Amino acid sequence: MFRRILELAINDITLRHCTIANKSRSTRPKLFFNTLTMAKSNTGGSTIKPQNYNYFLVLDFEATCSKGRYIKPQEIIEFPVLKVSGVTFETESTFHQYVEPQVHKELSPFCTELTGIIQEMVDGQPNITETLQKLDVWMKNEGLLEPGVRSVFVTCGDWDLKTMLPNQSAYFGFTYAEYLKHWINIKKPFCESLGFYPKGMMPMLSQLKVEHEGRHHSGIDDSKNIAQILKQIALRGYVFKETGSL
1 MFRRILELAI
11 NDITLRHCTI
21 ANKSRSTRPK
31 LFFNTLTMAK
41 SNTGGSTIKP
51 QNYNYFLVLD
61 FEATCSKGRY
71 IKPQEIIEFP
81 VLKVSGVTFE
91 TESTFHQYVE
101 PQVHKELSPF
111 CTELTGIIQE
121 MVDGQPNITE
131 TLQKLDVWMK
141 NEGLLEPGVR
151 SVFVTCGDWD
161 LKTMLPNQSA
171 YFGFTYAEYL
181 KHWINIKKPF
191 CESLGFYPKG
201 MMPMLSQLKV
211 EHEGRHHSGI
221 DDSKNIAQIL
231 KQIALRGYVF
241 KETGSL
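Here the sequence shown stands for residues 1 to 246, numbered as in UniProt numbering.
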């Protein structure tokens with residue numbers, strides 16, 4: 001009984017936090033990204049407000065793993081990024097790279113079952129530092145590093161950019177670009193918009209009545225689904241802001 005009361009109290013606190021945060025949006029300073037007209041969705045005529053960012057970069061890592069034990073170091077094996085317009089919320093370009101692990105080179109059966117990534121998909125692929133270099137070239141080619149262009153990464157949770165990439169960077173001793181140190185955890189805008197904090201991607205899709213696309217725990221497919229969540233929240237009139245940084 002005590003545990004149930006505690007759970008109800010936690011849920012009430014979470015809901016109040018979302019409600020307060022939702023109300024506070026009306027007091028935000030003037031937006032950096034101005035448009036003369038608001039974008040209209042091609043479904044239902046919903047209105048998307050001008051955003052703080054020109055582009056949202058949706059990212060979802062997959063990493064080495066093993067059933068029942070912790071792998072150290074855990075290494076990124078799939079690195080997808082979707083470039084999503086801050087006006088239409090449609091995907092304009094995609095960066096997608098499988099990454100060869102350097103320590104635990106052989107993927108576990110559990111990892112393959114979970115992610116759908118087989119050994120042949122990572123063998124001979126760029127390592128993490130080479131992948132980051134390729135990402136930087138893509139960012140430049142897409143005009144994302146031009147002066148005045150504002151972009152931010154979007155993840156489902158804080159793990160990708162708060163834990164996974166920093167841990168791998170610390171283990172191997174490489175540095176990476178500042179733009180990968182700022183992000184939006186999509187769960188927080190979802191909470192502010194819908195009034196409760198979600199456990200993960202699948203509950204968000206269900207609540208927003210968006211059909212799941214592809215394979216869960218495929219990095220590229222999860223990124224596509226997160227992009228749909230991003231769009232649906234935008235269609236509710238939400239204006240996104242950074243939620244995490246290093």
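Note that the Cβ used here is the ideal one computed from N, Cα and C, for glycine as well.
Because the structure is a prediction, the values reported are computed rather than measured.
Determine the burial state of residue i: buried for a count of at least 16 other Cβ atoms within 10 Å of its Cβ, exposed for fewer.
{"i": "LYS105", "result": "exposed"}
{"i": "LYS67", "result": "exposed"}
{"i": "SER151", "result": "buried"}
{"i": "GLY195", "result": "exposed"}
{"i": "TYR70", "result": "exposed"}
{"i": "ALA227", "result": "buried"}
{"i": "GLY86", "result": "buried"}
{"i": "ASP123", "result": "exposed"}
{"i": "LEU246", "result": "exposed"}
{"i": "ASN141", "result": "exposed"}
{"i": "PHE110", "result": "exposed"}
{"i": "THR27", "result": "Low local confidence applies: a pLDDT of 36 at THR27 is under 50, so the model's placement there is unreliable, with the coordinate-based value given in what follows. Exposed: under 16 other Cβ atoms inside 10 Å."}
{"i": "GLU113", "result": "exposed"}
{"i": "GLU192", "result": "buried"}
{"i": "THR43", "result": "Any reading at THR43 must be qualified, since the residue scores a pLDDT of 42, below 50, and its modelled position is unreliable; no value is offered."}
{"i": "residue 247", "result": "Residue 247 lies beyond the residue range present for the chain, which begins at 1 and ends at 246; the question has no answer from this structure."}
{"i": "residue 258", "result": "Past the edges of the chain, shown from 1 to 246, lies residue 258, and the structure says nothing about it."}
{"i": "LEU31", "result": "Reliability fails at LEU31, whose pLDDT of 43 lies under 50, so the model's placement of it is uncertain and the value that follows must be treated cautiously. Exposed."}
Is it the case that the Cβ atoms of residue i and residue j are separated by a distance below 9 Å?
{"i": "ILE48", "j": "ALA234", "result": "yes"}
{"i": "VAL149", "j": "GLY143", "result": "yes"}
{"i": "PRO198", "j": "THR243", "result": "no"}
{"i": "GLU75", "j": "THR115", "result": "no"}
{"i": "LEU82", "j": "SER93", "result": "yes"}
{"i": "ASP60", "j": "SER223", "result": "yes"}
{"i": "LYS187", "j": "PHE89", "result": "no"}
{"i": "ASN185", "j": "THR155", "result": "yes"}
{"i": "PHE172", "j": "PRO73", "result": "yes"}
{"i": "GLY200", "j": "GLY157", "result": "yes"}
Suppose you measure from the CA of residue i to the CA of residue j; what does that come to, to the nearest Å?
{"i": "ASN34", "j": "GLY214", "result": "Caution is warranted here: a pLDDT of 39 is assigned to ASN34, below 50, making its placement in the model unreliable, and no coordinate value can be reported."}
{"i": "LEU180", "j": "LYS241", "result": "15 Å"}
{"i": "GLU120", "j": "VAL210", "result": "32 Å"}
{"i": "GLU134", "j": "ILE220", "result": "This sequence places Lys at residue 134; Glu is not what is there. Spanning the two alpha carbons is a distance of roughly 17 Å."}
{"i": "VAL239", "j": "VAL58", "result": "16 Å"}
{"i": "PRO80", "j": "LEU161", "result": "13 Å"}
{"i": "ASN54", "j": "GLN97", "result": "24 Å"}
{"i": "ILE229", "j": "TRP159", "result": "18 Å"}
{"i": "CYS65", "j": "PHE56", "result": "28 Å"}
{"i": "THR91", "j": "MET139", "result": "15 Å"}
{"i": "SER218", "j": "PRO166", "result": "21 Å"}
{"i": "TRP183", "j": "HIS212", "result": "23 Å"}
{"i": "PRO147", "j": "ASN52", "result": "15 Å"}
{"i": "PHE95", "j": "VAL84", "result": "12 Å"}
{"i": "ASN225", "j": "HIS216", "result": "9 Å"}
{"i": "LEU145", "j": "LEU208", "result": "32 Å"}
How about the stretch 92 to 104 and the stretch 117 to 132: do they share at least three Cβ pairs that are nearer than 8 Å? Proximity of the stretch 92 to 104 to the stretch 117 to 132 meets the contact definition, three or more beta-carbon pairs being nearer than 8 Å.
Which ranges does the beta strand (DSSP E) cover as unbroken runs of at least 3 residues, wholly within the stretch 69 to 134, from first to last along the chain? 76 to 85, 91 to 98
The stretch 193 to 212 contacting the stretch 167 to 180, beta-carbon criterion three pairs below 8 Å: no
Just list the beta strand (DSSP E) runs in the stretch 159 to 223, keeping only unbroken ones of 3 residues or longer that don't cross its boundaries, in chain order. Taking 3 residues as the minimum length, the beta strand (DSSP E) runs contained wholly in the stretch 159 to 223 are 182 to 185, in order along the chain.
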